[in-house]
Amino acid sequence: MKSMEEMLAAAQKAAETIQQQMGDAQAKLDSLEVEGVAGGGLVRIRATAKGRILSVSIDDSLIVPDDKQMLEDLVTAAFNDARGKADRVAGEEMAKIQSGMGLPPGLDIPGFS
25 MKSMEEMLAA
35 AQKAAETIQQ
45 QMGDAQAKLD
55 SLEVEGVAGG
65 GLVRIRATAK
75 GRILSVSIDD
85 SLIVPDDKQM
95 LEDLVTAAFN
105 DARGKADRVA
115 GEEMAKIQSG
125 MGLPPGLDIP
135 GFS
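According to my numbering, the sequence shown holds residues 25 to 137 in order.
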């Protein structure tokens, strides 16, 4: 049987490993890109998997002063599409880390859901 000191050392090492994996995952999420689209691709928003907006592209055909509301709606839809994709990618990356820890399914650890 392991001594208390050995168990504490093992727990500390496991915590350090998890912390390193979380840092690596956060860095990866900032480099993974997603693209949200609306209006059949006339509005595009590129973002990182962490949700940072990288660019907004609006086709010239949509720039009509009398139809400002439609353009605003399309930008909103493209943003929401990008945000949803970013959330999915982030969730998949966190699930990869959690599955490598040997934790039981359904265990809710902050930062992994």
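Every residue gets a Cβ at the ideal spot worked out from N, C-alpha and C, and that includes glycine.
It should be emphasised that the depicted structure is a prediction, and the values quoted were computed from it without experimental measurement.
With respect to the 9 Å criterion, GLN45 and ILE121 are classified as neighbours on the basis of their beta carbons.
Each of ALA102, VAL80 and ARG70 was checked against the Cα of VAL58, and the nearest Cα belongs to ARG70. About 11 Å separates the beta carbons of ALA102 and GLY64, which is beyond the 8 Å limit, so they are not a contact pair.
Under the three-state reduction of DSSP, VAL99 is assigned to helix. Taking a 10 Å sphere around the C-beta of VAL88, we find fewer than 16 other C-beta atoms and assign the residue as exposed.
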